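Please read the structure below before turning to the comments.
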Amino acid sequence: DSGVTQTPKHLITATGQRVTLRCSPRSGDLSVYWYQQSLDQGLQFLIQYYNGEERAKGNILERFSAQQFPDLHSELNLSSLELGDSALYFCASSERQGRGANYGYTFGSGTRLTVV
Amino acid sequence: AQSVAQPEDQVNVAEGNPLTVKCTYSVSGNPYLFWYVQYPNRGLQFLLKYITGDNLVKGSYGFEAEFNKSQTSFHLKKPSALVSDSALYFCAVRDAGSYGGSQGNLIFGKGTKLSVKP
């Protein structure tokens, strides 16, 4: 157990629907990162939150959004789902950013989303 | 912009032989470099990192990696491969001088599938 918890582990939904993926970071970690892993695109950075604030955006579609709550858990919302959104979605956390952020990330086990 | 290249989609090695998984990087400043391993249906697990200091970094499960600044490489190595090492390996980089924004995040290579045969 890495300490980063993602729920649900598996999700099957229809095109056009909306889903919410949840992530609880490792205790003490303030940064949460979301990544999408697909066969053709590899591991793509989506978005980062630090202590409740959005800090960086990667290749995140406008149909996707995220937030980090006061208790530091994060949710990734995916709407108007398309077949191509089927992928593994990973959450990772790290201790902090800034000069102390020279550590790697701790990853959760992911949510496998299948859009049918 | 920073980037990572893993030139081999797959590496095949016989058990007991040495293995190398290649990684080259591009950053504007000094790099922080990482290797992760992913087993089927699992998240990425941290193997080792280079931040500063000795160019040869030792990590988990007997893996090591050598930082070569002139060649901008950070190849992963193991003297004697095990069947259980078969997995997907990711190299990642971030610019040491960037503490926020997109440049402060880890950028991953596409991954290299390591297959170790008995």
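If you're matching them up, the sequences are chains F and H in order. Just so we're aligned, residue 1 is where the first sequence starts under the numbering used here, counting upward by one. Just so we're aligned, residue 1001 is where the second sequence starts under the numbering used here, counting upward by one. For glycine and all other residues, C-beta sits at the position ideal for the given N, C-alpha and C. Predicted model only: the values in this text are computed from it and were never measured.
Beta-bridge pairing of residue i - partner residues as DSSP gives them
| i | result |
| --- | --- |
| Arg1094 of chain H | H:Tyr1032 |
| Ala87 of chain F | F:Leu113 |
| His10 of chain F | F:Arg112 |
| Gln37 of chain F | F:Leu43, F:Leu88 |
| Ala1081 of chain H | Per DSSP, none; premise fails for Ala1081 of chain H. |
| Cys23 of chain F | F:Gln6, F:Ser74 |
| Leu1019 of chain H | H:Lys1078 |
| Tyr50 of chain F | F:Ser31, F:Glu53 |
| Lys1049 of chain H | H:Phe1034 |
| Thr1024 of chain H | H:Ala1005, H:Ser1073 |
| Tyr1089 of chain H | H:Val1037, H:Thr1112 |
| Ser65 of chain F | F:Asn77 |
| Glu1064 of chain H | H:Lys1058, H:Lys1077 |
| Asn1105 of chain H | In the DSSP output, where bridge partners are listed per residue, Asn1105 of chain H has none listed. |
Exposure label - residue i; buried when at least 16 CB within 10 Å
| i | result |
| --- | --- |
| Lys9 of chain F | exposed |
| Arg18 of chain F | exposed |
| Ile47 of chain F | buried |
| Asn7 of chain F | Here residue 7 of chain F turns out to be Thr, not Asn, going by the sequence shown. Burial call: exposed. |
| Asp71 of chain F | exposed |
| Pro1118 of chain H | exposed |
| Asn1041 of chain H | exposed |
| Ala87 of chain F | buried |
| Asn1012 of chain H | exposed |
| Thr106 of chain F | buried |
| Phe1034 of chain H | buried |
| Gln69 of chain F | The displayed chain sequence assigns Phe, not Gln, to residue 69 of chain F. Exposed is the call here. |
| Ser93 of chain F | buried |
Rounded straight-line distance, which links the Cα of residue j to that of residue i
| i | j | result |
| --- | --- | --- |
| Gly104 of chain F | Phe1074 of chain H | 15 Å |
| Ile1107 of chain H | Phe90 of chain F | 14 Å |
| Val32 of chain F | Ile1051 of chain H | 21 Å |
| Glu1064 of chain H | Val1116 of chain H | 17 Å |
| Glu75 of chain F | Leu113 of chain F | 14 Å |
| Glu95 of chain F | Val1021 of chain H | 28 Å |
| Gly110 of chain F | Asn51 of chain F | 21 Å |
| Tyr1032 of chain H | Ala1081 of chain H | 26 Å |
| Ala56 of chain F | Gly1029 of chain H | 19 Å |
| Asn1055 of chain H | Leu81 of chain F | 45 Å |
| Phe45 of chain F | Gln1006 of chain H | 17 Å |
| Ala1079 of chain H | Glu1008 of chain H | Contrary to the premise, residue 1079 of chain H reads as Pro rather than Ala in this sequence. Their backbone Cα atoms lie some 19 Å apart in a straight line. |
| Asp85 of chain F | Val1083 of chain H | 33 Å |
| Thr1072 of chain H | Arg26 of chain F | 32 Å |
Neighbourhood of residue i by C-beta, 6 Å cutoff - its chain only, sequence neighbours within 5 removed
| i | result |
| --- | --- |
| Ser1003 of chain H | Ser1026 |
| Leu61 of chain F | none |
| Asn77 of chain F | Thr20, Ser65 |
| Ser24 of chain F | Thr5, His73 |
| Glu54 of chain F | none |
| Ile12 of chain F | Thr114 |
| Arg63 of chain F | Ser79, Ser80 |
Nonlocal neighbours in the same chain, by C-beta distance under 8 Å from residue i, ignoring five residues either side
| i | result |
| --- | --- |
| Leu1044 of chain H | Tyr1036, Val1037, Gln1038, Phe1090 |
| Gln1010 of chain H | Thr1112, Lys1113, Leu1114, Ser1115 |
| Leu43 of chain F | Tyr35, Gln36, Gln37, Phe90 |
| Val1057 of chain H | Leu1048, Lys1049, Tyr1050, Glu1064, Ala1065, Glu1066, Phe1067 |
Contact belief for residue i with residue j at Cβ below 8 Å, rounded distance in angstroms
| i | j | result |
| --- | --- | --- |
| Gly1059 of chain H | Leu1048 of chain H | 3 Å |
Residue-level contact to chain A via CB, residue i, 9 Å cutoff
| i | result |
| --- | --- |
| Gly1111 of chain H | Absent here is chain A; the protein component of the structure consists of chains F and H. |
Cut-off 7 Å between Cβ atoms - residues of its own chain near residue i, not counting five sequence neighbours on either side
| i | result |
| --- | --- |
| Val156 of chain F | Beyond the ends of chain F as shown, which are 1 and 116, falls residue 156 of chain F; an answer cannot be given. |
| Leu83 of chain F | Thr15, Val115 |
| Glu1015 of chain H | Ala1081, Leu1082, Val1083, Val1116, Lys1117, Pro1118 |
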